[in-house]
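Here the structure is laid out as structure tokens; the discussion comes afterwards.
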Amino acid sequence: MPPASGYLERRAALIEALSEAPGGSHRSRLLLDLAALSVGVALAPEARSFLSGLPETGPEGLDHTQSQRRDRLALAIWGVDGGTAPPPLPARLQIETEGGWAEAPVWRALARAREGDATAAAADLPQVGPLLDAMPPALAATLLPELLEAAIDARLWDDAHGLAQRFDAHAELRGGSAYRFLLGRAAQAGGNPVMAFDSYAMAAGGGDAWAQRARLALIDLGRATGTLTPEDGAALLRQSWRLWRGDALEIATLERLAEVEHGRGETEAAIAAMTEIQRRHALSDAALGSAARLDEMVAELYARGASGALPIGAFVAAHRRLSPDLMFRPGFAAQAEKLAARLLEIGATDAAAREYATLRDQLAVMRDLGLEEVPALRLDMLRLAQAEALLRGGQTTAAAQALGATASSAPELRDRMEMLRARLSSAQGDGAGVIATRMETPSEGYRRLRAAALFDRGDWEAARDGYAALWRDPETPLGAGEAIRLLLAAHRSGDTALVAELLDGLPQLARSPELAEVARSLAPVAPLALPIGQKSATDRMQDADAALQRLERVAGDG
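Encoded structure:
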């Protein structure tokens with residue numbers, strides 16, 4: 002809005018007088034004149050700058066009249082600024098408690114309108130038309146659209162008509178976005194959606210805030226009447242967002258975009274829209290109010306990915322797009338871990354390990370920056386998960402490096418880490434490493450690994466005891482290879498009673514041809530079902546040795 006004619010000359014004269022003013026009341030009067038001149042042409046920042054040079058009220062400062070003028074000018078600056086903030090307190094007290102100020106109804110109506118209380122504003126709106134006519138034109142033009150909107154909201158149609166006619170007196174408003182938008186508001190409030198649509202469409206081509214409001218109103222009207230598909234609504238909202246950034250209208254656009262995208266099943270796009278609110282307007286009420294909803298949507302997306310409802314390619318791609326903005330959000334790591342678990346589930350062990358490592362690094366950074374309380378147990382669990390994924394993929398060296406030599410600080414994880422170390426040692430052929438591990442509560446898997454390592458080392462008695470303990474426990478049945486090893490360990494440790502017990506108690510082994518030969522050769526008393534015939538003792542020993550060699554090969558394969 003260009004300054005009114007004569008503004009520059011008047012400003013220059015006042016600035017020159019100010020430079021020569023000795024101070025005191027005369028200087029304050031000049032500063033107030035400059036502020037009034039500036040706000041009269043809607044230059045709020047410049048007017049505010051002049052007011053900031055004023056002294057406080059008091060014997061050495063502003064007198065009552067100057068103080069009152071200062072507060073009223075501050076109220077005019079607030080009017081030009083726009084937004085929804087309440088008027089400054091001293092000025093608010095004036096319009097609420099003092100009489101005798103002709104302009105007070107304008108500012109009261111504007112204050113109530115910005116609070117969203119059209120009913121309260123309605124009490125003063127019938128008076129504001131003539132009062133606006135008496136104001137500097139640029140200031141009146143700044144206030145007029147908001148006051149017309151308040152009259153429409155209050156359904157004061159006669160007053161609204163009078164205010165709308167005043168738009169013609171201001172070249173900057175005549176036929177502009179504000180006028181067209183407000184005509185659309187009036188038409189929609191009057192039950193004429195076709196006329197409202199036409200007015201909004203004409204206003205939407207502008208580049209100011211009223212044009213953005215018109216674009217949003219068009220979309221809202223189309224959705225409300227069912228004439229706009231969700232797909233078209235989302236496309237229009239994305240376009241509108243690109244055209245307007247930085248204030249409450251951007252937030253309103255993004256909120257609608259998130260709602261539309263989620264409604265048509267595009268959860269990732271909805272999350273992206275809500276993330277923009279969090280990123281670009283972090284301190285706004287909208288960001289605080291939508292945080293829980295954002296977390297719900299993130300949980301929904303990752304639950305779909307974890308269940309397989311979302312194809313793994315789409316799941317990974319969505320995570321790659323969203324994680325840069327979400328990675329340091331409290332609670333996100335728990336969702337992202339579902340991707341790692343899903344990758345591990347389908348056999349993508351290397352990718353799963355990388356995700357676990359990334360999550361561990363992110364949480365460590367969040368802990369160090371004080372963004373989230375991250376217990377050592379959480380980091381150890383991710384370290385363990387990374388190592389387990391690598392081991393499952395056959396990367397034993399990388400798994401050992403990921404696991405490290407440091408024991409977990411959490412007692413509940415120590416046995417799991419020891420078990421993994423035993424598995425790593427077994428995979429690397431390091432039987433001594435398996436035997437050296439110690440679990441406070443040995444798991445079934447650890448007991449099997451340890452028995453196998455003892456057998457491979459030739460510690461027959463210990464191997465026999467390990468396998469026998471598993472065999473006698475109904476919860477831990479032996480596989481065929483383990484049963485063969487138990488039989489061999491019992492034989493080589495000289496435990497003939499256990500050999501006989503095994504041959505009687507392992508019917509699945511009795512069906513093995515190799516075991517049939519061992520049974521004939523090693524049993525203290527050969528079973529009737531397996532006649533010895535006329536072989537000599539030497540022949541029996543030779544047959545037994547050959548059978549044992551075959552069993553060793555079977556045991557090694559098993």
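Our numbering puts the first residue of the sequence shown at 2, with every later residue one more than the last.
The C-beta atom is built at its ideal place from N, Cα and C for all residues, glycine as well.
Note that the structure is a prediction, hence the values are computed from the model and not measured.
For residue i versus residue j, is the C-beta distance shorter than 8 Å?
{"i": "Leu344", "j": "Ala353", "result": "yes"}
{"i": "Leu126", "j": "Ala139", "result": "no"}
{"i": "Ala155", "j": "Gly185", "result": "no"}
{"i": "Ala388", "j": "Leu404", "result": "yes"}
{"i": "Ala77", "j": "Val40", "result": "yes"}
{"i": "Phe168", "j": "Leu174", "result": "yes"}
{"i": "Thr442", "j": "Arg393", "result": "no"}
{"i": "Ser26", "j": "Leu55", "result": "no"}
{"i": "Arg31", "j": "Leu9", "result": "Per the sequence presented here, residue 31 reads as Leu, with Arg not at that position. Cβ distance not < 8 Å, so Leu31 and Leu9 don't count as in contact."}
{"i": "Trp461", "j": "Ala490", "result": "yes"}
{"i": "Gln336", "j": "Val299", "result": "yes"}
{"i": "Leu237", "j": "Glu269", "result": "no"}
{"i": "Leu487", "j": "Arg458", "result": "no"}
{"i": "Gly314", "j": "Lys339", "result": "no"}
{"i": "His171", "j": "Ala142", "result": "yes"}
{"i": "Glu104", "j": "Leu144", "result": "no"}
{"i": "Thr58", "j": "Ser50", "result": "no"}
{"i": "Ala121", "j": "Arg115", "result": "no"}
On the CB-based measure, 16 or more other CB atoms within 10 Å of its CB, does residue i come out buried or exposed?
{"i": "Gln189", "result": "buried"}
{"i": "Arg280", "result": "exposed"}
{"i": "Gln166", "result": "exposed"}
{"i": "Ser291", "result": "buried"}
{"i": "Arg214", "result": "buried"}
{"i": "Ala406", "result": "exposed"}
{"i": "Thr98", "result": "exposed"}
{"i": "Gln402", "result": "exposed"}
{"i": "His162", "result": "exposed"}
{"i": "Trp158", "result": "exposed"}
{"i": "Asp381", "result": "buried"}
{"i": "Leu284", "result": "exposed"}
{"i": "Ser308", "result": "exposed"}
{"i": "Leu244", "result": "exposed"}
Just to confirm the assignment, what range does the alpha helix (DSSP H) spanning residue i have?
{"i": "Glu483", "result": "Ala481 to Arg493"}
{"i": "Pro325", "result": "Ile313 to Leu327"}
{"i": "His65", "result": "His65 to Asp82"}
{"i": "Ile16", "result": "Tyr8 to Glu21"}
{"i": "Met367", "result": "Thr350 to Leu370"}
{"i": "Ala300", "result": "Asp286 to Ser308"}
{"i": "Asp134", "result": "Leu126 to Asp134"}
{"i": "Ile347", "result": "No alpha helix (DSSP H) contains Ile347, which DSSP labels as neither H nor E."}
{"i": "Trp472", "result": "Trp461 to Arg473"}
{"i": "Gly41", "result": "Gly25 to Gly41"}
{"i": "Ser178", "result": "Ser178 to Ala190"}
{"i": "Glu413", "result": "Pro412 to Ala428"}
{"i": "Phe51", "result": "Ala45 to Ser53"}
{"i": "Thr1", "result": "Outside the shown range of the chain, which is 2 to 559, sits residue 1, and nothing can be said about it."}
{"i": "Gln279", "result": "Thr268 to Arg281"}
{"i": "Ala142", "result": "Pro138 to Asp154"}
{"i": "Leu238", "result": "Pro231 to Leu244"}
To which residues of the same chain is residue i closer than 6 Å at the C-beta, ignoring the five residues directly before and after it?
{"i": "Pro146", "result": "Ala179"}
{"i": "Ser426", "result": "Gly434 and Val435"}
{"i": "Glu21", "result": "none"}
{"i": "Arg422", "result": "Thr438"}
{"i": "Tyr201", "result": "Gly185, Ala215, Ala218 and Leu219"}
{"i": "Ala304", "result": "none"}
{"i": "Gly432", "result": "Ala454, Asp457 and Arg458"}
{"i": "Ser537", "result": "Here the model assigns Ser537 a pLDDT of 46, short of 50, so the residue's position is not dependable and the matter cannot be decided."}
{"i": "Ala135", "result": "none"}
{"i": "Ala428", "result": "Thr397"}
Kindly list the residues whose CB is nearer than 8 Å to the CB of residue i, restricted to its own chain and excluding five residues on each side of it in sequence; keep chain order.
{"i": "Arg11", "result": "Leu38"}
{"i": "Arg448", "result": "Gly467, Ala470, Leu471 and Thr477"}
{"i": "Ala319", "result": "Glu269, Leu302, Gly306 and Leu311"}
{"i": "Gln535", "result": "Because the pLDDT at Gln535 is just 39, under 50, the model does not fix this residue reliably, and the point stays unresolved."}
Skipping 5 residues on each side, what residues in its chain have a beta carbon closer than 7 Å to that of residue i?
{"i": "Ala45", "result": "Ile78, Val81 and Asp82"}
{"i": "Tyr357", "result": "Ala341, Leu383, Ala386, Gln387 and Ala390"}
{"i": "Gly247", "result": "none"}
{"i": "Met440", "result": "Asp416, Glu419, Met420 and Tyr447"}
{"i": "Ala287", "result": "Ile252, Glu256 and Ile278"}
{"i": "Arg368", "result": "Val375"}
{"i": "Arg424", "result": "Leu392 and Leu450"}
{"i": "Leu149", "result": "Ala161, Leu164, Ala165 and Leu183"}
### Query
Would you say the stretch 216-232 touches the stretch 261-279, given that touching needs at least three Cβ pairs under 8 Å?
yes
#### Entry: Three CB pairs or more closer than 8 Å across the stretch 251-259 and the stretch 269-286
yes
### Query
Between the stretch 63-75 and the stretch 88-102, are three or more C-beta pairs nearer than 8 Å?
yes
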